[in-house]
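So the structure is just underneath, and the comments pick up after that.
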Amino acid sequence: MEAVNIRLQHISKTFIHKVKGEVAAVNDVNLEIKPGELLTLLGPSGCGKTTTLRMVAGFETPDAGRVYIGNEDVTDFMANRRNIGFVFQNYALFPHLSIFENVAYGLKVKEMTKAEIVPTVSDVLKMVGLKGYEHQFPNQLSGGEQQRVALARAIVIKPKVLLFDEPLSNLDAKLRVYTRSEIRRLQKALHITAVYVTHDQEEAMAISDRIVVMNQGRIEQIGAAEELYFAPETEFVAKFIGKINTLPARVNTVENDVMSLNIFDHTYQLQDASAQVHPDTNLNVFVRPEFIKLHQPDQGHFRGVIRERTFLGEKVEYVVDIQGQQINVTSYDPLEHETFALDQGVGIQLDPRNIKILQPGEVEK
Ligand SMILES: Nc1ncnc2c1ncn2[C@@H]1O[C@H](COP(=O)(O)OP(=O)(O)OP(=O)(O)O)[C@@H](O)[C@H]1O
1 MEAVNIRLQH
11 ISKTFIHKVK
21 GEVAAVNDVN
31 LEIKPGELLT
41 LLGPSGCGKT
51 TTLRMVAGFE
61 TPDAGRVYIG
71 NEDVTDFMAN
81 RRNIGFVFQN
91 YALFPHLSIF
101 ENVAYGLKVK
111 EMTKAEIVPT
121 VSDVLKMVGL
131 KGYEHQFPNQ
141 LSGGEQQRVA
151 LARAIVIKPK
161 VLLFDEPLSN
171 LDAKLRVYTR
181 SEIRRLQKAL
191 HITAVYVTHD
201 QEEAMAISDR
211 IVVMNQGRIE
221 QIGAAEELYF
231 APETEFVAKF
241 IGKINTLPAR
251 VNTVENDVMS
261 LNIFDHTYQL
271 QDASAQVHPD
281 TNLNVFVRPE
291 FIKLHQPDQG
301 HFRGVIRERT
311 FLGEKVEYVV
321 DIQGQQINVT
331 SYDPLEHETF
341 ALDQGVGIQL
351 DPRNIKILQP
361 GEVEK
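Going by full-length UniProt numbering, the first residue of the sequence shown is number 1, and it counts up by one from there.
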């Protein structure tokens, strides 16, 4: 079966919430998920990712906008007519049915014969690594195994799209890493278009072709993990994907797309600077901890003092005091680890290419 795309056109959904009143859970979202792509909706609690997913599934009807799966406008279709496989956080298995019966359920609904069902279920259980579990019951399985049954049940009906709502939340850390790579492997092997919801940025980065960062019902930025990390467009995205320092800066001049600015006591020239920034103004700039280099005190652009030092094996995380401001620095250089001690003075160096000027955003994290 050819993989299909999914399109959301100007989708909005407002709820009347008992405490908060009217909540624009999803606010004019436009999105295209490419055929065979795994796209993740990522954002803090309440940003609208589950509501968006539920509108693709047909569990929720948008107030405005259209949902297309392939060339078909499915906005007015009930969930059971959309041909989707859905994997929930809580597995949602039938406790009184065996693993075989749980997986076979969707095929029986489709009125397939037993002769067709038995080999199909057996193939899918093999695919998720649960061959031989046919006669067990859900409560005899671990959380990870139950989630693989849920995955088998979702893919056995050969859905056009797979939807995942925080599928790993109930698993422990190690099993989460294993199960997410299993989901990724199967989704790629079957080449099914998939939408995945999580609030965990590492999970999103590990599993996705592209990530949509959502904030207060709107899309903040869409891109591959690398794009969001190295080229965030807003402060919100920069702070949600990884860690970033906020540094005070003073703009001196902006000429021919070159900006001269001061950070602490040093002057930097930034290329391709935004024309929207004016001379003689203050603003915040952003630098990731691993892009700040520590040196001996007589080197670097300005001085600081190491206030915290956390050795984590392959890296050391420092908190450095610079003129009263606490800055996070991460060093991946094992030779440097021994060089800088607590309360030691250091020289600090920034590469102007790693200094970001971003649209300010409302940050919840
Ligand atoms: N059925 C509902 N009735 C009232 N308000 C709702 C309903 N469903 C969602 N909301 C509200 O809509 C907003 C978005 O909720 P949604 O569940 O889509 O967010 P989310 O990003 O998935 O968050 P979480 O990770 O906490 O599930 C929230 O403010 C939520 O309180």
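The C-beta atom is built at its ideal place from N, Cα and C for all residues, glycine as well. Everything numeric in this text was worked out from a predicted model, so none of it was measured.
Pick out whichever of the options has its Cα sitting closest to the Cα of residue i.
| i | options | result |
| --- | --- | --- |
| F291 | N284, G324 and Y229 | Y229 |
| Y196 | L190, A173 and M205 | M205 |
| R250 | P279, V26 and D209 | P279 |
| H199 | A189, P167, D172 and I183 | P167 |
| K13 | N27, V103, E336 and R303 | N27 |
| A224 | D321, V103, I207 and H17 | I207 |
| I322 | I355, R288, N282 and I263 | I263 |
| D265 | H301, V121 and P289 | H301 |
| S169 | A3, E202 and A194 | E202 |
| L247 | H135, I99 and V287 | V287 |
| A3 | L190, Q276 and F86 | L190 |
| T50 | A64, V87 and I69 | V87 |
| D333 | I327, Q326 and G313 | G313 |
| R54 | A238, L163, I219 and M214 | L163 |
| G143 | R185, K174, E134 and E308 | K174 |
| R309 | I155, V277, E336 and I192 | E336 |
| I219 | E22, L125, G48 and I16 | G48 |
At a cut-off of 7 Å, would you count residue i as near ligand 1, judging by its Cβ distance to the nearest heavy atom?
| i | result |
| --- | --- |
| T50 | yes |
| S169 | no |
| G43 | yes |
| V23 | yes |
| K243 | no |
| F15 | yes |
| residue 376 | The structure shown has nothing for residue 376, since the chain only spans 1 to 365. |
| G46 | yes |
| H199 | yes |
Put residue i into one of helix, strand or coil per three-state DSSP.
| i | result |
| --- | --- |
| N27 | strand |
| F88 | coil |
| A3 | coil |
| K315 | coil |
| N102 | helix |
| N83 | coil |
| N256 | coil |
| A115 | helix |
| H337 | helix |
| N71 | coil |
| Y332 | coil |
| A194 | strand |
| E220 | strand |
| I348 | strand |
| K34 | coil |
| K356 | strand |
| F15 | strand |
| K365 | Low confidence applies to K365: its pLDDT is 39, below 50, so where it sits in the model is not reliable enough to give any reading. |
| A64 | strand |
| I241 | coil |
| D200 | coil |
| V212 | strand |
| L107 | helix |
| Q187 | helix |
| D321 | strand |
Can you list, in chain order, the residues of its chain whose CB lies under 7 Å from that of residue i, leaving out five sequence neighbours each side?
| i | result |
| --- | --- |
| A79 | A57, G58 and F59 |
| I222 | R210 and V212 |
| D272 | D257 |
| Q349 | K293, H295, G300 and H301 |
| P352 | Y268, Q269 and L270 |
| Q89 | D165, E166, P167, S169 and N170 |
| K34 | N5 |
To which residues of the same chain is residue i closer than 6 Å at the C-beta, ignoring the five residues directly before and after it?
| i | result |
| --- | --- |
| L130 | R148 |
| E364 | Because the pLDDT of E364 is 43, which lies under 50, any placement of that residue in the model is unreliable, and the number read from its coordinates should be weighed accordingly. Only P44 meet the Cβ criterion. |
| S331 | V316 |
| Q344 | I306 |
| residue 370 | The chain is shown from 1 up to 365; residue 370 falls before or after that span and cannot be answered. |
| A24 | T14 and G217 |
| H326 | It should be pointed out that residue 326 corresponds to Gln in this sequence rather than to His. Around Q326: V319. |
Which same chain residues, not among the five before or five after residue i, have their C-beta less than 8 Å away from its C-beta?
| i | result |
| --- | --- |
| V346 | L294, H295, Q296, P297, G300, R303, G304, V305, I306, V320 and F340 |
| K253 | Note on residue identity: the sequence assigns Thr, not Lys, to residue 253. Around T253: M259, S260 and P279. |
| Q146 | Y91, L93 and P138 |
When every heavy atom of ligand 2 is checked, does at least one fall within less than 7 Å of the C-beta of residue i?
| i | result |
| --- | --- |
| D123 | Absence of ligand 2 from the depicted structure is noted, with ligand 1 being the only ligands included. |
Q. Which full runs of the beta strand (DSSP E) of 3+ residues lie inside the segment 268–312, going along the chain?
A. 281–287, 292–295 and 302–311
**Q.** Runs of alpha helix (DSSP H) lying entirely within the segment 134–182, each at least 4 residues, in chain order
**A.** Listed in chain order, they are 143–155.
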